[in-house]
Each structure stands twice: as structure tokens, then as C-alpha cells.
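Here is the structure we will look at.
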Amino acid sequence: MTVRMFVAGILGLLWGWQAQAAWVDRTEAVMGTRIAVRLWADDVDRANAAIDAVMAEMRRIDALMSPFKGETPLARVNREAAARPVPVPGELLKLIHRALRVSVLTGGAFDITFASVGYAYDYRRHVRPDDAWVERHLDRIDYRHVVLDDTASTVRFSMPGVRIDLGGIAKGYAVDRAIALLRRRGIRQALVSAGGDSRLIGDHRGRPWYIGIRDPRRKDASTAVLPLADTAISTSGDYERYFEAGGRRYHHILSPWTGHSADKVRSVTILGPDATTTDALSTSVFVLGPERGMALVERLPGVDAVIIDAEGRMRFSSGLKMPAGSRQKTAAVSVE
Ligand code: ADP
Ligand code: MG
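Start counting the sequence shown at 9; every next residue gets the next number (our numbering).
Here's what the structure looks like:
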């Protein structure tokens with residue numbers, strides 16, 4: 009082989025590699041939300057196979073945890089757990105455990121039994137229960153009504169009329185599962201998001217990923233853009249699912265203490281080690297409001313927040329006020 013042939017061969021290989029390596033994007037509607045994946049791969053076919061696997065995983069989790077689809081394990085729990093312990097797959101039991109630990113951590117702001125009242129809302133059809141009904145059903149909201157048996161892998165409710173819904177944590181969990189799956193396939197730069205819950209692997213090839221925080225009162229506008237890498241980020245907002253009636257805004261994040269939509273902030277963005285944690289914490293801090301919510305964030309290493317309060321002012325946790333890059337260095341806590 010001549011030197012020229014050798015060089016040509018190397019160039020050809022490089023060209024072939026370059027022609028193949030690319031960002032691959034896809035969005036699909038799963039879990040009642042928009043799933044978006046963007047990843048860098050040397051081989052577009054392998055990238056598409058990886059994204060297929062992510063979407064399949066999202067559908068699997070939806071089938072396990074949707075409270076709406078009649079025959080999911082969660083739907084069965086809601087129908088029967090007040091009468092008898094209901095067997096559930098270990099994976100579901102584990103996530104309920106995790107949700108209950110977030111309840112303890114947040115003093116009850118995060119509470120999957122919010123659904124005992126929450127089920128009576130239909131935001132799309134502007135349906136809501138009246139205040140007297142909410143008042144009468146309020147004692148059904150309490151995470152301590154959920155009794156788990158690890159050995160038998162069952163869920164039981166200690167009070168009739170209790171319902172649970174994992175809408176405040178399941179999407180983050182699904183994103184974490186997707187990220188683990190991509191890592192196992194050797195993907196080193198990726199973004200996976202499910203609605204307001206996202207997680208990043210690596211950076212954007214030498215640059216950070218730029219993730220925008222939506223302006224809660226202007227559709228399709230961002231109020232801030234954060235340069236990020238290797239992190240999870242979740243936003244909870246009062247603009248996602250809501251309607252207005254009699255001068256009040258009815259939206260999908262309920263205060264467990266009042267049974268009504270939490271109204272101390274417009275949006276909460278949480279940064280942290282994994283999306284299960286950031287998802288649950290964004291809902292929690294939304295309920296807690298700017299003062300108590302920020303105090304909680306400051307207590308948790310590796311967790312940061314951007315809160316847009318009821319007046320539209322933006323508040324940053326201390327980790328975001330540090331010089332660029334330093335927040336990734338703090339040891340991160342996750343609610344396992
Ligand atoms: P989304 O991405 O759907 O906007 P969020 O993370 O903002 O999700 O959480 C909102 C969802 O959390 C609601 O749709 C509901 O399913 C659930 N939820 C509402 N209030 C609470 C609460 N106090 N504790 C736990 N989950 C809640
Ligand atoms: Mg959430």
C-alpha cells in the first residue's frame with residue numbers, strides 16, 4: 009500500500025465517521041405530555057434505536073402509573089386499597105416509597121393523596137368542586153393514609169375515599185430511567201425531557217446546554233436561560249393546566265392543607281442530581297411558596313432553585329449566584 013493510498017484511506021474513514029456523527033432529535037406524545045430526546049451519536053441508526061428504546065420505556069412507565077387508564081396497577085390501587093391491601097409491582101411500590109419520603113422532607117407539601125380532592129377537577133373542561141365539597145374531603149389528603157407492605161408488595165389506604173396520583177414525580181422518574189438506558193448504550197451527550205422535567209448527560213459538545221425558563225405569563229417567551237451540563241432540571245408552573253373562573257386561577261398544583269391551587273408563586277425551577285428529585289421538589293417548592301420553599305432548597309446540598317413569585321419577581325438560590333461552573337462541584341443529595 010502506498011503512502012498516498014494509506015492517507016486516502018484514513019481520510020475516507022474520517023469522512024465516513026464525520027458524515028455519520030450527528031445530533032439526532034425526536035419528539036413524541038406519551039404520558040399526556042411531550043417527550044423530547046436530543047442526543048449526539050456516531051451512528052444515526054444506533055441513535056434511532058436508542059430513542060426507540062426511550063419512547064418504549066416512557067410508554068411502559070405510563071402503563072404502570074397512569075391513574076386514568078382503567079386497568080393500570082395505580083388505577084386498581086385507587087379503586088380497592090381502602091378495602092384491602094392491593095398487590096403492586098415492586099417498581100411502583102418503590103416510587104410510592106420515594107414520594108412518601110419527599111412528603112416527610114417537605115413537611116407534607118408534597119403529597120400524592122392530593123388526588124383525593126384533585127380527581128374532582130377537570131382543567132380542560134373547566135370543572136371544579138365547590139368550596140364546601142373541598143372542605144368536606146380535605147381530611148382524605150394525608151400521605152400517612154398510605155400504608156405500604158414491602159414484604160407482600162402491597163398498598164393499602166387507612167381511610168375510605170383516599171386516592172393517589174404520581175403526576176408530581178412520575179415524569180421525572182421516567183426521565184431518569186431513560187437517561188440510565190442511554191448511558192448503558194454508551195451515549196455521552198443527551199437531553200431527555202418529559203414536559204417540564206429534563207435531564208442532561210454531558211454538555212453540548214464543548215458548549216453548555218442552554219435551557220430556558222418560561223415566562224409564566226407570556227406563552228413561548230423565556231425569562232432566563234441557564235447554561236447547564238450533567239444535571240436535572242424541572243419546572244412547575246401555574247400555566248400548564250389551568251382555567252380561570254370568578255377572578256381565580258384554578259391550576260393543577262394543590263396545597264394539601266387547603267385543597268385549593270397553591271397561589272404563592274407562578275413558577276418554580278429546580279436543579280438537582282436526578283429528575284425524580286427535581287420533579288418532586290419543583291411541585292413541593294411551588295406549594296411551600298418563596299420563603300419556606302427557598303429555605304428548603306438551601307438546606308439541600310446540590311439542589312438549586314429559580315422561583316418566580318406571585319408578583320413576577322425572580323429569586324435565585326445561593327448556588328446560582330456563585331461563579332459559573334461552581335455549582336456542579338457541590339456534592340448532590342437526591343431523595344432516594
Ligand atoms: P407538570 O409537569 O405536569 O406540570 P408538576 O411537576 O408541576 O407537573 O406537578 C404537577 C402535578 O403534580 C399535578 O398535575 C398533579 O398530578 C401532581 N400534584 C399536584 N399537587 C400535588 C401535591 N401537593 N403533591 C404531590 N403532587 C401533586
Ligand atoms: Mg414536579
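All C-beta atoms, glycine included, are put in the ideal place defined by N, C-alpha and C.
Within the present structure, is the beta-carbon of residue i separated from the nearest heavy atom of the ligand MG by less than 7 Å?
{"i": "G203", "result": "no"}
{"i": "S290", "result": "yes"}
{"i": "D312", "result": "no"}
{"i": "S244", "result": "yes"}
{"i": "G116", "result": "no"}
{"i": "A126", "result": "The amino acid occupying residue 126 in the given sequence is Gly; Ala does not appear at that position. Every heavy atom of the ligand MG is 7 Å or more from the Cβ of G126, so no."}
{"i": "G301", "result": "no"}
{"i": "D287", "result": "yes"}
{"i": "G40", "result": "no"}
Between residue i and residue j, how many whole angstroms is the CB-CB distance? I'm expecting something under 8 Å.
{"i": "H283", "j": "G180", "result": "First, the amino acid is wrong: residue 283 is Ala here, not His. The Cβ separation is near 4 Å, so the contact holds."}
{"i": "T231", "j": "D223", "result": "4 Å"}
{"i": "A318", "j": "V276", "result": "Not quite, the Cβ-Cβ distance comes to about 12 Å (not below 8 Å), so this is no contact."}
{"i": "R279", "j": "T286", "result": "It should be noted that the sequence gives Leu, not Arg, for residue 279. Right, their Cβ atoms sit about 7 Å apart."}
{"i": "V314", "j": "I221", "result": "6 Å"}
{"i": "S161", "j": "P95", "result": "6 Å"}
{"i": "A182", "j": "M302", "result": "Wrong, their Cβ atoms sit about 27 Å apart, outside the cutoff."}
{"i": "N86", "j": "R171", "result": "5 Å"}
Check whether the Cβ of residue i sits closer than 7 Å to any heavy atom of the ligand ADP, and report yes or no.
{"i": "R224", "result": "Just to set this straight, residue 224 is Pro in the shown sequence, not Arg. Because no heavy atom of the ligand ADP lies under 7 Å away, the Cβ of P224 does not count as near it: no."}
{"i": "V295", "result": "yes"}
{"i": "L262", "result": "yes"}
{"i": "I278", "result": "no"}
{"i": "F76", "result": "no"}
{"i": "G267", "result": "no"}
{"i": "K179", "result": "yes"}
Report task. Evaluate contact between the region 188-196 and the region 46-58, counting only Cβ atoms and requiring at least three cross-stretch pairs below 8 Å. Result -> yes
Requested in this report: Would you be able to state if there are at least three C-beta pairs under 8 Å between the region 96-108 and the region 148-167?
Outcome: yes
Query - Every unbroken beta strand (DSSP E) inside the region 176-227 [3 residues or more] - result: 198-202, 205-209 and 217-222
Query - Sequence ranges, alpha helix (DSSP H) only - wholly within the region 231-318, length at least 4 - result: If we require 4 residues or more, the alpha helix (DSSP H) runs fully inside the region 231-318 come out as 283-296 and 298-307.
Query raised in the report: Would you say the region 308-316 touches the region 204-217, given that touching needs at least three Cβ pairs under 8 Å?
Result: Too few Cβ pairs lie closer than 8 Å, so no.
**Report entry** Contained alpha helix (DSSP H) runs [length at least 4] in the region 92-131, N- to C-terminal order
**Finding:** 98-113 and 123-126
Report task. Mind the definition here: the region 315-327 touches the region 135-152 only if three or more C-beta pairs lie below 8 Å; say whether that holds. Result -> no
**Report entry** Validate contact between the region 193-202 and the region 118-129 using beta carbons, cut 8 Å, 3 pairs
**Finding:** The region 193-202, when compared against the region 118-129, does not touch it at the 8 Å Cβ threshold.
Report task. Count the C-beta pairs between the region 94-103 and the region 72-82 that are closer than 8 Å, then say yes if the count reaches three, no if not. Result -> yes
Requested in this report: Tell me the start and end of each unbroken alpha helix (DSSP H) in the region 28-82 that is at least 4 residues and wholly inside, in chain order.
Outcome: 52-73
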